[in-house]
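Q: What follows is a structure written as structure tokens; I'll ask about it next.
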Amino acid sequence: MEIERPYVSSELDKIEGAQIDALMAASKEPYPDPVAWLHEELQQNVLLTSTEHVIDWGKRYSVWPVLLGLACCAFEMICAAASRYDFSRFGMEVFRFSPRQADLMLVAGTLTWKMAPALRRIYDQMAEPKWVIAMGACTVSGGAFRGSYSVVPGINLIVPVDVYIPGCPPRPEGLLHGFMELHRKVLADKLIKK
Amino acid sequence: MTKPLSGSDIAQQIGDQFPDAVTDSNETAVFVRSEALLDVAGFLKESLDLNYLNNITAVDYTDYFELTYLFTSLASNHSLVIKTRCEERDNPRVPSVVSLWQGADFQEREIYDLLGISFDGHPNMKRIFLWDGFQGYPLRKDFIIDVPGGGKATKQGVNDA
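Next comes the structure, spelled out in structure tokens:
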């Protein structure tokens, strides 16, 4: 029996093309980076501070990343997860394949405009609180492919970024340093925002 | 090792069958007119047993596009390069060889995607890597793009704003 399909492939192409064009048109200005660690301690209530500290401490040691290995940086990320560098020491060994279960989007590798709607969608599907690490030169600025017709020059055009890790690719030590910077940031997170 | 066939020898054989089809030939390649490409390719596929298409590629020489076809006979272990030119720039058209070698399908779409050369007779002539609605053909030498986030990119490099 012939199964009726909702679209023909040319319609799917048009929908996809329109999505990418719309995102491209909307992505002219980079998102400002969230700077939660520069808050004034005096603004905090004493009772809330201690609760906050416990919760942030818990969040800090259970950051679960969503797997987003887009290009060669992914291998350094895999290496950092494997036994030699072993980032399970920081409570973040559980790579999640579902954005619903993840706190950290670890973007490792070149982001193309064709992939950008998917990246934005994964970000939108993640539950708060969520953080983003841009790993490697391509995610920071487009890297060697800046000025290419197909590569997004910096993922901060698509999503706000918490920690940038330069390098092509950064070594696992660099990635671990980025994680620790992120932990500092998580620790400084305020329970009540704005 | 696969033996490359001499373009000059093959040009003779083509000339006997299709006069005026060959424009030039040398040791490495045969140059044919694009209108005669499909006939010549079909003839060579039969006579030289060229059952495998290694690749098709295209080059933008700014005055014209040049397409390069590399064929191999897996049984006789020889190979042949055919080249054809397309002077037209606004709407370049070349016959498709998908009817002879199915492997040409994605490669012709890739050339269409990046250089904008249309292949007549291709069953599904549309972009393959870039998205529907992308403006221009990025491997053309005169392609310029506004880099999102500032700057312009040409074949000479990026000028950041």
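First to last, the sequence lines map onto chains B and G. One rule links them: number in the working numbering = place in the first sequence (from 1) + 5. So in the working numbering, spot 119 of the second sequence is number 113, and the numbers just go up one at a time. Quick reminder that beta carbons are idealized off the backbone N, C-alpha and C, glycines included. Note that the structure is predicted; figures quoted are calculated from it, not measured.
Alpha carbon to alpha carbon, how far is methionine 119 of chain G from valine 156 of chain B? Give it in angstroms, no decimals.
A: C-alpha separation (whole angstroms): 24 angstroms.
Q: What's the C-alpha gap between cysteine 77 of chain B and alanine 113 of chain B?
A: Looking at the two C-alpha atoms, the distance is approximately 8 angstroms.
Q: Within 8 angstroms (strictly less), CB to CB, does aspartate 136 of chain G reach chain B?
A: Not one chain B Cβ lies under 8 angstroms of aspartate 136 of chain G.
Q: From leucine 124 of chain G to aspartate 167 of chain B, what does the alpha carbon distance come to, in whole angstroms?
A: Whole-angstrom Cα-Cα distance: 30 angstroms.
Q: Verify whether the separation of the beta carbon atoms of leucine 54 of chain G and lysine -3 of chain G is less than 8 angstroms.
A: The question names leucine, yet the displayed sequence has aspartate at residue 54 of chain G. No, the Cβ-Cβ distance between aspartate 54 of chain G and lysine -3 of chain G is not below 8 angstroms.
Q: Suppose the cutoff is 8 angstroms on Cβ atoms and the five residues either side in sequence are ignored; what does the same chain contact list for arginine 176 of chain B look like?
A: Answer for arginine 176 of chain B: Glu81, listed in chain order.
Q: Glutamate 102 of chain G and serine 90 of chain G - do their beta-carbons sit closer together than 8 angstroms?
A: Yes.
Q: With DSSP as the reference, identify every bridge partner of methionine 119 of chain G, one or two as the case may be.
A: Looking at the DSSP assignment, methionine 119 of chain G forms no beta bridge with any residue, so it has no partner.
Q: In the DSSP assignment, find the beta strand (DSSP E) that holds threonine 78 of chain G and state where it starts and stops.
A: Element bounds for threonine 78 of chain G: 72 to 80.
Q: Consult DSSP for glutamate 102 of chain G and reduce its assignment to one of helix, strand or coil.
A: Glutamate 102 of chain G falls in the helix class under three-state DSSP.
Q: Can you check whether the CB of glutamate 21 of chain G is closer than 8 angstroms to the CB of serine 41 of chain G?
A: No. Outside cutoff.
Q: Just checking: is the beta-carbon of glutamate 178 of chain B within a distance shorter than 8 angstroms of some beta-carbon in chain G?
A: With 8 angstroms as the cut-off, glutamate 178 of chain B does not count as an interface residue toward chain G.
Q: Among B:Ala23, B:Ser14, B:Phe184 and B:Leu192, which one has its Cα closest to the Cα of leucine 109 of chain B?
A: Of the listed residues, the one whose Cα sits closest to leucine 109 of chain B is B:Phe184.
Q: Evaluate contact between the segment 22 to 41 of chain G and the segment 5 to 13 of chain G, counting only Cβ atoms and requiring at least three cross-stretch pairs below 8 angstroms.
A: Flag = yes, the segment 22 to 41 of chain G and the segment 5 to 13 of chain G touch.
Q: Listing by chain order, which chain G residues have their CB less than 7 angstroms from the CB of isoleucine 25 of chain B?
A: Result: Trp125.
Q: Quick one: what does DSSP say asparagine 161 of chain B is sitting in, helix, strand or coil?
A: Note: asparagine 161 of chain B maps to helix in three-state DSSP.
Q: By the 8 angstroms beta-carbon criterion, what residues does the segment 103 to 120 of chain B contribute toward chain G?
A: Cβ contacts with chain G come from Trp118 and Lys119.
Q: Out of B:Lys33, B:Glu34, B:Ser32 and B:Leu73, state which residue places its alpha-carbon closest to the alpha-carbon of threonine 115 of chain B.
A: Checked all of B:Lys33, B:Glu34, B:Ser32 and B:Leu73; the closest Cα to threonine 115 of chain B is B:Leu73.
Q: Taking Cβ-Cβ distances shorter than 7 angstroms, what residues in chain G pair up with glycine 141 of chain B?
A: The premise fails here: glycine 141 of chain B is roughly 17 angstroms from chain G at the closest Cβ pair, so nothing lies under 7 angstroms.
Q: Could you check where the beta strand (DSSP E) with aspartate 18 of chain G kicks off and where it finishes?
A: Run containing aspartate 18 of chain G: 16 to 19, per the beta strand (DSSP E) assignment.
Q: Below 8 angstroms on the Cβ atoms is my contact criterion, and I expect leucine 73 of chain G with leucine -1 of chain G to pass it. Report the Cβ-Cβ distance as a whole number of Å.
A: Checking the sequence shown, residue 73 of chain G turns out to be serine, not leucine. Confirmed, about 7 angstroms.
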